[in-house]
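Chemist:
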Amino acid sequence: MSLGAPRPESVPSRRVTDLLISWGAGDESALTQLVPLVFDELRRMAHRHMRSQRDGHVLQTTALVNEVYVRLIDLSRVKWQDRGHFLAMASRLMRRVLIDFARASAAAKRGGTTVFVSLDETVVGPDGPGTDLVALDDALQALAKFEPRRSQVVEMKFFGGLTIDETADALGVSPQTVLRDWRLAKVWLLRELTREASPND
């Protein structure tokens, strides 16, 4: 929940929350009931993730959703909080799937297909060079060691395509806090990625 005034939860959201709680308590059938309720959101999120990938990527939007579904099944019992918590976890799993593919590709053919992304046009101009996805993942992991929430904001907002409000709900903070974390995280990541790209520094 965000720090603002509580807002009534929609019936679908309440249903999602109930199923998440049941699933977390060990009811495996709850996941089967849950997925159709959130499938459109998962596809939107997967599409946002795939926008940064090269054409002809072995995974497409639906395949990415399916891969995440498989990984969700493998999760041990999670104390799910609500829809926002679930979407945040789904976004993290999508990023991990794509990072695994990117690392495997780099290992299979050194100097081969490197995936590039741009945090947004305020960090890297629309005609400027992109950022190596694997390097960005490494930088995010480094950021998470001392600013875990800021790392999560980047993960949810940039990779997952969640809105400011959705990210705030998932993290239990205000939208203003998300905006501040987003700005500060981008500055830190740009500095870190620039340093990594300059071995002589």
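Final position of the sequence shown in the working numbering is 1071; the numbers increase by one with none missing. We put the beta carbon where it would ideally sit given N, CA and C, even for glycine.
Can you tell me the Cα-Cα spacing of residue 1053 and residue 916, whole angstroms?
Modeler: As a position in the sequence shown, residue 1053 is number 183, starting the count at 1. As a position in the sequence shown, residue 916 is number 46, starting the count at 1. Near 24 Å, if we compare the C-alpha coordinates of residue 916 and residue 1053.
Chemist: For the putative contact between residue 1009 and residue 957, defined by C-beta atoms under 8 Å, what is the C-beta separation to the nearest angstrom?
Modeler: If you number the sequence shown from 1, residue 1009 lands on position 139. If you number the sequence shown from 1, residue 957 lands on position 87. Going by Cβ atoms, the distance from residue 1009 to residue 957 rounds to 23 Å, so no, they are not a contact pair.
Chemist: Give the secondary structure of residue 951 by DSSP, where H, G and I count as helix, E and B as strand, and everything else as coil.
Modeler: Residue numbering aside, residue 951 sits at position 81 when the sequence shown is read from its first letter. Coil.
Chemist: In its own chain, which residues sit with a C-beta less than 8 Å from the C-beta of residue 886, not counting the 5 before and 5 after it?
Modeler: The residue labelled residue 886 in the question sits at position 16 within the sequence shown. If we look at residue 886 and ignore the five residues flanking it on each side, its Cβ neighbours are 904, 907, 908, 952, 953, 956.
Chemist: By how many angstroms is the C-alpha of residue 966 removed from the C-alpha of residue 1004?
Modeler: Translated into the one-based positions of the sequence shown, residue 1004 becomes position 134. Translated into the one-based positions of the sequence shown, residue 966 becomes position 96. Cα to Cα, the separation comes out at about 10 Å.
Chemist: Looking only at its own chain, which residues have a Cβ that is under 6 Å from the Cβ of residue 1047, when we skip the five neighbours before and after it?
Modeler: The residue you call residue 1047 lines up with position 177 of the sequence shown. No residues qualify anywhere along the chain.
Chemist: What residue range does the alpha helix (DSSP H) around residue 1043 cover?
Modeler: Translated into positions along the sequence shown, residue 1043 becomes position 173. Segment: none, residue 1043 is in no alpha helix (DSSP H) and carries neither H nor E.
Chemist: Cβ of residue 1016 versus every heavy atom of the ligand MN: is any distance shorter than 8 Å?
Modeler: This structure lacks the ligand MN, and indeed carries no ligand of any kind.
Chemist: So residue 1016 is in the alpha helix (DSSP H); what residue range does that whole segment cover?
Modeler: Within the sequence shown, residue 1016 is the residue found at index 146, counting from 1. Its alpha helix (DSSP H) spans residues 1003 to 1016.
Chemist: If we call anything under 9 Å between Cβ atoms a contact, is residue 912 one with residue 938?
Modeler: Here residue 912 is taken as the residue at index 42 of the sequence shown, counted from 1. Here residue 938 is taken as the residue at index 68 of the sequence shown, counted from 1. In contact: residue 912 and residue 938 (Cβ atoms closer than 9 Å).
Chemist: In whole angstroms, what is the alpha-carbon distance linking residue 1012 and residue 1026?
Modeler: Here residue 1012 is taken as the residue at index 142 of the sequence shown, counted from 1. Here residue 1026 is taken as the residue at index 156 of the sequence shown, counted from 1. Answer to the nearest angstrom: the Cα atoms are 17 Å apart.
Chemist: Can you give me the start and stop residues for the alpha helix (DSSP H) that residue 937 sits inside?
Modeler: Stepping through the sequence shown from its first residue, residue 937 is reached at position 67. Boundaries of the alpha helix (DSSP H) harbouring residue 937: 931 to 944, taken from the DSSP string.
Chemist: Among the residues of its own chain, which have a CB less than 7 Å from the CB of residue 1035, if the five just before and after it don't count?
Modeler: Numbered from 1 along the sequence shown, position 165 holds the residue referred to as residue 1035. These residues qualify, in order along the chain: 1045.
Chemist: Could you pull the start and end residues of the alpha helix (DSSP H) that residue 902 belongs to?
Modeler: As a first step, residue 902 is located in the sequence shown; it is residue number 32 there, counting from the start. From DSSP, the alpha helix (DSSP H) with residue 902 extends over 899 to 920.
Chemist: Where does residue 1016 land, buried or exposed, given buried means 16+ other C-beta within 10 angstroms?
Modeler: Within the sequence shown, the letter at position 146 stands for residue 1016. It is exposed - the Cβ of residue 1016 has fewer than 16 other Cβ atoms within 10 Å.
Chemist: Within the 9 Å Cβ cut-off, does residue 944 reach chain C?
Modeler: No chain C is part of this structure, which consists of one protein chain only.
Chemist: DSSP three-state label for residue 1064, please.
Modeler: For the purposes of this step, residue 1064 is taken as residue 194 along the sequence shown, with counting starting at 1. Three-state result, residue 1064: helix.
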